[in-house]
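Numbering (UniProt numbering), first residue to last: 1 to 85.
For every residue, glycine included, the Cβ atom is placed at its ideal position computed from N, Cα and C.
Quick caveat: nothing in here was measured; it's all calculated off a predicted structure.
These notes are about the structure you will find just below.
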């Protein structure tokens, strides 16, 4: 495997958007166990004022994402609609 150089970046904008990411090689130098890894997150505020954060991971097991607040907000909205029915 061609080793990936460590990568790190972080930024924020004036309107509250931010993103962080880092990349590295896991198990560097161990034949058949090396894996490129990228992990990071981005955050913003939804139009209704709800803070939203998405975290993501990519490695030898594939891509995975985790959303904070958005899922809870959708579940609460659905529950309220069911209650009204």
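Ignore the nearest five residues each way along the sequence and tell me which others in residue i's own chain have a CB closer than 8 angstroms to its CB.
i          : result
residue 40 : 19, 20, 21, 22, 55, 56
residue 47 : none
Are the CB atoms of residue i and residue j nearer to each other than 8 angstroms?
i          : j          : result
residue 35 : residue 59 : yes
residue 16 : residue 44 : yes
residue 53 : residue 64 : no
Kindly list the residues whose CB is nearer than 6 angstroms to the CB of residue i, restricted to its own chain and excluding five residues on each side of it in sequence; keep chain order.
i          : result
residue 37 : 24, 26, 59
residue 6  : 24
residue 10 : 20
residue 12 : 18
residue 66 : 55
The beta strand (DSSP E) with residue i in it runs from where to where?
i           : result
residue 102 : There is simply no residue 102 to check, as the chain begins at 1 and stops at 85 in what is shown.
residue 29  : Segment: none, residue 29 is in no beta strand (DSSP E) and carries neither H nor E.
With a CB to CB cut of under 7 angstroms and the five nearest residues on each side skipped, what residues in its chain are close to residue i?
i         : result
residue 8 : 22
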